[in-house]
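All residue numbers for the sequence shown refer to our numbering, where the first residue is -7 and numbers rise by one. See below for the structure under consideration.
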Amino acid sequence: MTDELDETTFPAWRDAVAAHESVDVQPRSYPGYPRVALPAHKPRRFAMSLERALAQRRSASTLDTALPDDATLGRILALAHGITADHARGPTPSAGGLQSIELFLAAWSPGWLPAGWYHYDRAGHVLARIVDGASRDACAAVIPALVPLTGGALAWIVIGDHERVRARYTTRADRFLLLEAGHLMQNLCLASVACDVRTVPLGGFYERALARTLQLPRTDRVLVAGVLG
């Protein structure tokens, strides 16, 4: 791999990282787009322990099609990717505190959330609708890993700002972004179990097609997908 380090190359890489100036880590938002406010998340005692959630986390080929209510979906989002400290810090470990990961979802099941492609605004705890209308078939056309599965209420799409990480970590950017995406997906899996639903991670998707659908900037990378049900 071209990003491998050894005792010869590590010192120079480390010094370059240390010399990098800090950047703005404000979460992304989409002002002017239709927004759906989520109920305020109130931290409370879990009905399920972390140990139990870890033990019960499983993938499945058949998922519930019912859309979780707004309080449940809001809780999953806040637990997995909410802001819990200053500098936009949250439950997902972030290389250098750069907060380079963003979470999108595509909702298609009938219910309180109109069908569409959404971005989760961590700062406002709201969903911004980027594209109107979504269906399971349309999602499966760009996330073919959905095809063998039955059901599901919405899809997760995790993206990363590659340029933000590359500016500091150079050739290690891809590695760090994938690590962060995996952290967030595991958070979604465990938060889903704790809320009595299930998230299944998916690795089979068309990166460029998803980037076009979500109208992502060229510096973004689509990293991992998933389905909730």
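Beta carbons are placed, not taken as given, at the ideal position from N, Cα and C, and that holds for glycine.
Alpha helix (DSSP H) segment containing ALA214, residue limits: Locating residue 214 in the sequence shown gives position 222, where the first residue counts as 1. Note on identity: in this sequence residue 214 is Val, with Ala being the wrong assignment. First-last for VAL214: 212 to 220, but that is the beta strand (DSSP E), not the alpha helix (DSSP H).
MET(-7) versus ALA159: straight-line alpha-carbon distance, rounded: Within the sequence shown, numbered from 1, the residue matching residue -7 stands at position 1. Within the sequence shown, numbered from 1, the residue matching residue 159 stands at position 167. For MET(-7), the predicted structure reports a pLDDT of 47, less than 50, and the residue's modelled location is therefore unreliable. A value from the coordinates is still provided. Rounded to whole angstroms, MET(-7) to ALA159 spans 19 Å at the Cα level.
Entirely enclosed alpha helix (DSSP H) segments - the stretch 178 to 210, minimum 4 residues: 199 to 205
Proximity of CYS187 and ARG6 at Cβ, strictly below 8 Å: Here residue 187 refers to the residue found at position 195 of the sequence shown. Here residue 6 refers to the residue found at position 14 of the sequence shown. Contact flag unset, no.
CB contact flag (TRP104, ASP56, <8 Å): As a working note, residue 104 is residue 112 in the sequence shown. As a working note, residue 56 is residue 64 in the sequence shown. No; because the gap between Cβ atoms is not below 8 Å, this pair is not in contact.
ALA133 versus ASP16, GLU199, ASP153, residue with shortest Cα-Cα distance: Working through the sequence shown from its first residue, we reach residue 133 at position 141. ALA133 has its Cα closest to that of GLU199, out of ASP16, GLU199, ASP153.
Stretch-stretch touch, CB-based, cutoff 8 Å, three pairs: the stretch 142 to 156 with the stretch 197 to 215: yes
DSSP-derived helix/strand/coil call for TRP5: On the sequence shown, position 13 is the one that residue 5 refers to. TRP5: helix per DSSP, three-state reduction.
Extent of the continuous alpha helix (DSSP H) to which GLY66 belongs: In the sequence shown, residue 66 corresponds to position 74, counting from 1. Its alpha helix (DSSP H) spans residues 62 to 73.
Coarse secondary structure for ASP(-2), derived from DSSP in three states: As a working mapping, residue -2 is identified with position 6 in the sequence shown. Residue state, collapsed to three classes: coil.
C-alpha distance - ALA70 paired with ALA80, whole-angstrom precision: Taking the sequence shown and counting its residues from 1, the one referred to as residue 70 is at position 78. Taking the sequence shown and counting its residues from 1, the one referred to as residue 80 is at position 88. Going by the C-alpha atoms only, they are around 13 Å apart.
At least three beta-carbon pairs within less than 8 Å, the stretch 108 to 122 to the stretch 14 to 26: yes
Inside the stretch 92 to 170 only - alpha helix (DSSP H) runs reaching at least 4 residues: 128 to 134, 154 to 161
Contact check, ALA147 vs ALA98, beta carbons under 8 Å: Counted from its first residue, the sequence shown places residue 147 at position 155. Counted from its first residue, the sequence shown places residue 98 at position 106. Result yes, Cβ atoms of ALA147 and ALA98 sit closer than 8 Å.
Reduced DSSP secondary structure (H/G/I, E/B, other) of ALA77: Position 85 of the sequence shown, counted from the start, is the residue given in the question as residue 77. It is coil, neither helix nor strand.
Whole-number beta carbon distance between THR163 and ASP(-5), since they are thought to touch under 8 Å: Within the sequence shown, the letter at position 3 stands for residue -5. Within the sequence shown, the letter at position 171 stands for residue 163. Indeed they touch by this definition, with Cβ atoms about 4 Å apart.
Among VAL219, GLU43, TYR161, LEU170, the one whose alpha carbon lies nearest that of LEU180: Taking the sequence shown and counting its residues from 1, one reaches residue 180 at position 188. Among VAL219, GLU43, TYR161, LEU170, the Cα nearest to that of LEU180 belongs to VAL219.
Bridge-paired residues (DSSP) for VAL28: Translated into the one-based positions of the sequence shown, residue 28 becomes position 36. Answer is LEU119, bridged to VAL28.
Contact set for GLY195: own chain, Cβ-Cβ below 8 Å, skip 5 residues either direction: Translated into positions along the sequence shown, residue 195 becomes position 203. Hits under 8 Å: ALA137, VAL216, ALA217.
Whole-angstrom distance between ASP124 and TYR112, CA atom to CA atom: Stepping through the sequence shown from its first residue, residue 112 is reached at position 120. Stepping through the sequence shown from its first residue, residue 124 is reached at position 132. Looking at the two C-alpha atoms, the distance is approximately 15 Å.
Beta-carbon gap between ARG156 and SER92 smaller than 8 Å: Your numbering for residue 156 matches position 164 in the sequence shown. Your numbering for residue 92 matches position 100 in the sequence shown. Yes, Cβ-Cβ distance for ARG156 and SER92 is below 8 Å.
Nearest-angstrom Cβ-Cβ length linking ALA72 and PHE168, presumed shorter than 8 Å: Against the sequence shown, residue 72 aligns to sequence position 80. Against the sequence shown, residue 168 aligns to sequence position 176. Between PHE168 and ALA72 the Cβ distance is about 19 Å, and since that is not below 8 Å, they are no contact.
Nonlocal neighbours in the same chain, by C-beta distance under 6 Å from MET40, ignoring five residues either side: Mapped onto the sequence shown, residue 40 falls at position 48. Result list for MET40: ALA186, in chain order.
Beta-carbon gap between LEU59 and SER101 smaller than 8 Å: Here residue 59 corresponds to residue number 67 of the sequence shown, with the count starting at 1. Here residue 101 corresponds to residue number 109 of the sequence shown, with the count starting at 1. Taking 8 Å as the Cβ cut-off, LEU59 and SER101 qualify as a contacting pair.
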